[in-house]
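Heads up: the sequence lines are chains C and L, in that order. Everything in the first sequence is counted per our numbering, starting at 1 for the first residue and increasing by one. Everything in the second sequence is counted per our numbering, starting at 730 for the first residue and increasing by one.
Protein chains: 2
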Amino acid sequence: MTEPLFWLAPAAAAVGLGFALVFFLEMRRQDEGTPAMRRIGAHVRAGAMAYLKRQYRIMLWVFTGLALLFAVLAFGTGLQSRWLPLTFLCGGFFSALAGYCGMQTATLASGRTAAAARSSLPRGLRIAFRSGAVIGLTVVGLGLGSAVFWLLVIDWSTPPAEDGHRLVLVTTTVLTFSMGASLQALFARVGGGIYTKAADVGADLVGKVEAGIPEDDPRNPAVIADNVGDNVGDVAGMGADLFESYCGSILAASALGAAAYTTAPQDQVSAVCAPFVIAGLGLLLSVAGIFLVRTREGADQEELLRALARGTNTSAATVLLASPLVFYWMDMPNLWGIWGAVAAGLVTGVVIGRATEHATSASHAPTRSIAAAAEEGAATALISGLGTGMLSTALPVLAVVTGTLLAFLSGAGFDPGNISEGLYGVAVAAVGMLSTLGITLASDAYGPIADNAGGNAEMSGLGPEVRARTDALDSLGNTTAATGKGFAIGSAALTAMALIATYLEVVRIELLRVGQHMLELRDGLIVATGQADLADFMLYFNVTLLNPVVLVSVFLGAMVAFVFSGMTMQAVGRAAGQMVIEVRRQFAADPGILAGSSEPDYTRCVEISTAAAQREMIAPSLLAVTAPLAVSVLLGVPGVIGLLVGALSTGFVLAVFLSNSGGAWDNAKKYIEAGHHGGKGSAAHRAAVIGDTVGDPLKDTSGPSLNILVKLMSIIAITVAGLAVSWSL
Amino acid sequence: MTEPLFWLAPAAAAVGLGFALVFFLEMRRQDEGTPAMRRIGAHVRAGAMAYLKRQYRIMLWVFTGLALLFAVLAFGTGLQSRWLPLTFLCGGFFSALAGYCGMQTATLASGRTAAAARSSLPRGLRIAFRSGAVIGLTVVGLGLGSAVFWLLVIDWSTPPAEDGHRLVLVTTTVLTFSMGASLQALFARVGGGIYTKAADVGADLVGKVEAGIPEDDPRNPAVIADNVGDNVGDVAGMGADLFESYCGSILAASALGAAAYTTAPQDQVSAVCAPFVIAGLGLLLSVAGIFLVRTREGADQEELLRALARGTNTSAATVLLASPLVFYWMDMPNLWGIWGAVAAGLVTGVVIGRATEHATSASHAPTRSIAAAAEEGAATALISGLGTGMLSTALPVLAVVTGTLLAFLSGAGFDPGNISEGLYGVAVAAVGMLSTLGITLASDAYGPIADNAGGNAEMSGLGPEVRARTDALDSLGNTTAATGKGFAIGSAALTAMALIATYLEVVRIELLRVGQHMLELRDGLIVATGQADLADFMLYFNVTLLNPVVLVSVFLGAMVAFVFSGMTMQAVGRAAGQMVIEVRRQFAADPGILAGSSEPDYTRCVEISTAAAQREMIAPSLLAVTAPLAVSVLLGVPGVIGLLVGALSTGFVLAVFLSNSGGAWDNAKKYIEAGHHGGKGSAAHRAAVIGDTVGDPLKDTSGPSLNILVKLMSIIAITVAGLAVSWSL
């Protein structure tokens, strides 16, 4: 790369990974607590590793098979890039590696957090948050590092040319790296989501409802599976999801930058490098922000939250302040416009996070109204939760819509006709939103660690003052989890939008490759021409909403989002049912379990969740992969674009609805447990427990899985663009 | 009209209305039963009329206000047609008139059906079905008749010209008639939906769950409100919904026909008349089909269903057979293509009906799996129902997608570039689907009559053999209601698609009106030109999915569908809560009510439902009306089209999901009550009752209200097209 500041990106990746190692070693040195605590920690770690091992074994087969297929397509038909098999494998590998490191860290950290909470709250927070930071920095460090690596390799191996299309070709080829990351994210998010909720729902249904034992009680055979599930779903799943958004947005932005500035070589290099530079800058400032997160003994919820917010907000604000400077050094074209796009992305992320918190926190009206409705029974609590969740989609959508339009206009220099540069602005907004992922993911990953620390404290019978501390940490984790979920959805939406825009670029490249020239429709005839602008191209492929193929494909996309959600929901229902049967069986076979005299068979429950997760994710995965393939073949390019737009718009709104309904039910239950509407054990509480259980798969399986769906379908469409083009011609 | 066969339409309308009167008088002559039965019937009728009176009073104000506003816009700014105030009022009036006749019929018929069921099942079926036919024929008769009337008036009053655009102007002006019908449908569907479920949920929560008295027990103060609600929601609401789809599809098809054949005057007249002729033909054959519905004493569910199916299928098949003949006499251009579109519409309607039945009937796997999941508790029953409902969206979407593509290709003579004629085909498919509305609506409206007959029999303490007969009739009604709901959604989707296509035509007309010529974008400049084809036009307004305004507006549309559903759901929750408080109050104030010694205050509950319905429909109505207005002003034509497509695709899928989940829970509960999974009173039954109650607002309020949303937003967009165009320029 001829842009010196580009090297900020690999340097930042190295710094991030370095600090991840430092924090990891620091955590490893902490006290592991009592033998009981060690034993429970070991159980959870063994369960988590057993799951990962099984998932990676399956992945190995799927990835090998697909890589061979891609190799055949690439070297046989010439419809695919020859780099595809390698970048694809690499994307999957690094995402999996980040997931493995994250799981190791999380399962080692939770026991140590509980042990530290025995002496003080700030020490517990420090261990849990720094361990979260290991996960956050590993994800961004590996993501940015490998993206840089592939850009350099493919740039170096592509023959030099003066032609502005060279960098377009390079960047769109690098983008296939996202495909591997996306497929691995599918396994991690869908499988992990099914695992965690099968265990959770199953444990609750028999434990809490039938046997009347509290949550995290060691007599419950599914309790270890439940704790494993928190790691599998919220650490590995969330991490893989954001790994993909992170790489996807950076690579899509660089591809769109290459496409937008084909006629100005120096501007093109700047535009291609900018996303990497923003990401590198954000990574460094995330590390700085992490050091700002600390608190004093006896801090209340407000103070803990402020401690986290201080770190995140400082990172975001300094990115905003520093980026114009960096752009100036880079000779960025449209400096302030691109800065506006970065700002639009960062602000959109914050607004969505706030909106999610408003919709799901018990301090606000929506969740309280659900708690009040629970007084009239489970049915009204459920109706109220569904209604509240649907209403809560308004703000996030308005935020994304406003953010996208502003980023577009800003990127386009306020000329709406300047579509290519405007779309680059949208992709840059996604990069901006994700630039401080290092620290936002640290806050997210902190949640399951604190949650498991609480579980460990409960199971090893630590004293009430320790439980109070872990409860404070856990409750903070619930808030960050809600915000994090909103952030994951919002960044997925922006990333998917950037990917859809990139799809169009790739189609144009394919046309160039196939015909060695751009084709244009003039007076009903296809005319070859050296250059054609995007509008002509659109006309040729007729991607207007007037084309019935586009119109019905939007319907198809909306349907795919719903069917995909239905599948994941049913999967949890079925898997939880198996768990219920097993837990009932164990209780019946050995009365000593409930009496507390004999240890239940935790491993069996872990195995059930693991097997169910692997089996149940097949159908939704197939849907996500085959839908864009089938539409590519059957309806061509206009169909694919309709499908992607329909799935993205409906999928985004549906994901917000599902996540927020689930989150609100969860917190309405906790609000009642805190003594409102009759408190624990009242009729309202029983109703709220049902709401919470229904919400579990909504908020932790179906909702988050939609993030993957919208991105994966776009990236698959990009990969098989050659197919769609050859059909459309 | 110079096409002689056009007169088939008014003739058929007259025949339909005539038979409606005959059937009505026949029903009036039947025995009303015992004094107790009369008293209950009078209660329900009084409640229904009180509701209608109040709704019409509000409508009077809203319609007068809007008509004045339209008059000011039309005569002041010239942005609107001067006919708009009149056609608007007329559309609202005739829809309301059809609703009034339907409610009179239904409330008079249910007591008589119960009375007839004392002597025999076939007599009960005959009265209930013929009364349903009164409603069906009134809706189609008034709809077709008034549409014909306005076409003739506006055609006559428009100065003659050779120009092909004259008929386009005439037909798009007549289309504003739909606007009044649509707004009245909003009030009827949303208000009716809230009314019926507030009463139903409220009655169930206290009566069934708390007091342990059965459904339709006269001791329940909300029981009359519940029975009134069946009429208000399923007769008046469903009728107004389909009245609008019926008129909307006919008028949109004629407008698109006029636009597609501007250059061939004789073909244009045929194309404009064809939708009316198809509707007239279907109406006549519906009347014939109605006479085929009869059964023998002791018939089982299968036989009853076959009796209904015989009528409906015969009508549909004869329409298919007769229409080519009619088209031949009319000198229809592209005769077989248009016939193909009619066939595509009819088949799509049948497939959606079947799919709905499969998704919601207890004879099939989905509903049974919900019943099985209820064994593990309410939470799993709910998860399973939500999942099943989401999965069930696949088939209806595939049906609509296939039907639309086939209708398009067929209408376009298998030339995909022939967009105008193809869109005409899509609209004709909607007309085809709705052509036999006379008999399909008869089957739908039969449902609430049979339901109320059962309620009447229960409340007046008729013997078990009579209850068995009314139960058989009611159970048949549940099946037809499910099919009918699917049909209503499917026809709304096709109608809305036709309306969106018409919107584009209206925009084009507006451009002609504003600038006296078509404007075209060439090399970045706006160039005036005499004629421009649709593709140029699309390019100018940039309705490609690449335009970020279009893209984000699709998001907005998806969000509006969800928020609208959330609002209606919350409305039911709140209104039901009030009902619960009132019923509890009555039980507490007078213990004689539960003992059966004193009569509860039915009127108070009716008033609560009525007031709640009127109050709670304000917010969703405002959303439906303001969203297209706001987007027209803020984002112009590309924004409006994105909004409509987003709302339609998401709204359609969401409506199917909500209706099917609700229907499946309802039937899962009935399946358990029939003795499976422990039967009535078991834990599974209690779980299923919660599912059923949650499903009530989903299937009877939020789901059906979405039908109106998608149509109303399109028709409002059409009405304010002038505004959007002037902004876009």
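C-beta: ideal position from N, C-alpha, C; glycine also.
Cβ of residue i within 9 Å of any chain L Cβ
i	result
C:N478	no
C:I419	yes
C:L325	no
C:A481	no
C:Q586	no
C:Q614	no
C:M433	no
C:I718	no
Chain-order list of residues whose beta-carbon lies under 6 Å from that of residue i (same chain, five-residue window excluded)
i	result
L:G1479	Outside the displayed span of chain L (730 to 1458) sits residue 1479 of chain L, for which this structure offers no information.
C:G484	D444
C:R368	none
Cβ neighbours of residue i in the same chain (closer than 7 Å, five flanking residues each side left out)
i	result
C:L545	L551
L:Q1030	A1201, S1204 and L1205
L:D1252	Residue placement at L:D1252 is poorly supported in this model, since its pLDDT is 37, which falls under 50; the coordinates still yield a value, given next. None.
C:V730	The displayed coordinates of chain C run from 1 to 729. Any statement about residue 730 of chain C would go beyond what the structure contains.
C:T173	S81, W83 and I154
C:G646	S553, V554, F555, L556, G557 and A558
Any chain C beta carbon closer than 9 Å to residue i
i	result
L:M832	no
L:K1440	no
L:V1459	Since the first residue shown for chain L is 730 and the last is 1458, residue 1459 of chain L is missing from the structure and cannot be characterised.
L:F1386	yes
L:I1370	yes
L:M1346	no
L:L1254	Confidence at L:L1254 is low in this model, with a pLDDT of 34, below 50, so the placement of that residue should be treated as unreliable; the coordinate-derived value is given next. Not an interface residue.
L:L1280	yes
Helix, strand or coil at residue i [DSSP, three-state]
i	result
C:T544	strand
L:E732	coil
L:A1359	helix
L:A1028	coil
C:Q30	coil
C:R522	Below a pLDDT of 50, predicted positions are generally treated as unreliable, and C:R522, at 36, falls in that range; the measurement from the model is reported next regardless. Reduced to three states, the DSSP call for C:R522 is strand.
L:A1091	coil
C:R793	Since the first and last residues shown for chain C are 1 and 729, residue 793 of chain C lies out of range.
L:P739	helix
C:S435	helix
Spatial neighbours of residue i in its chain, beta-carbon cut-off 8 Å, leaving aside the 5 residues before and after
i	result
C:A498	G248, S249, A252, A253, L256, L423, V426, A427 and A430
L:M1188	A765, I769, D945, D946, P947 and V952
L:V1048	I1007, L1010, G1011, L1014, V1071, L1075, G1161, S1164 and T1165
Using 8 Å as the Cβ pair cut-off and three pairs as the minimum, do the region 687-707 of chain C and the region 651-659 of chain C touch? yes
Which complete alpha helix (DSSP H) runs does the region 868-953 of chain L hold, if anything under 4 residues is left out? 894-904, 906-915 and 921-932
State whether the region 1151-1165 of chain L contacts the region 1065-1079 of chain L, with contact taken as three or more CB pairs (one from each stretch) at a distance under 8 Å. yes
Hey, which unbroken runs of the alpha helix (DSSP H) at 4 residues or more fall wholly within the region 392-416 of chain C? 394-411
Would you check if the region 96-106 of chain C and the region 157-172 of chain C touch, i.e. whether three or more CB-CB distances between them fall below 8 Å? With a cut-off of 8 Å, the region 96-106 of chain C and the region 157-172 of chain C do not count as touching, because too few Cβ pairs lie within range.
Sufficient close CB pairs (3 or more, under 8 Å) joining the region 1349-1363 of chain L to the region 797-807 of chain L: Not touching, per the Cβ criterion.
Segment contact, 8 Å Cβ cut-off, at least three pairs: the region 1077-1087 of chain L with the region 1018-1033 of chain L: no
Three or more beta-carbon pairs under 8 Å between the region 1006-1021 of chain L and the region 1181-1200 of chain L, yes or no? Contact between the region 1006-1021 of chain L and the region 1181-1200 of chain L is absent: fewer than three C-beta pairs spanning the two stretches fall below 8 Å.
Those runs of the alpha helix (DSSP H) which lie wholly inside the region 617-697 of chain C and span at least 4 residues: Counting only runs of 4 or more, we get 618-673 and 683-697.
Contained alpha helix (DSSP H) runs [length at least 4] in the region 974-1062 of chain L, N- to C-terminal order: 994-1019 and 1030-1058
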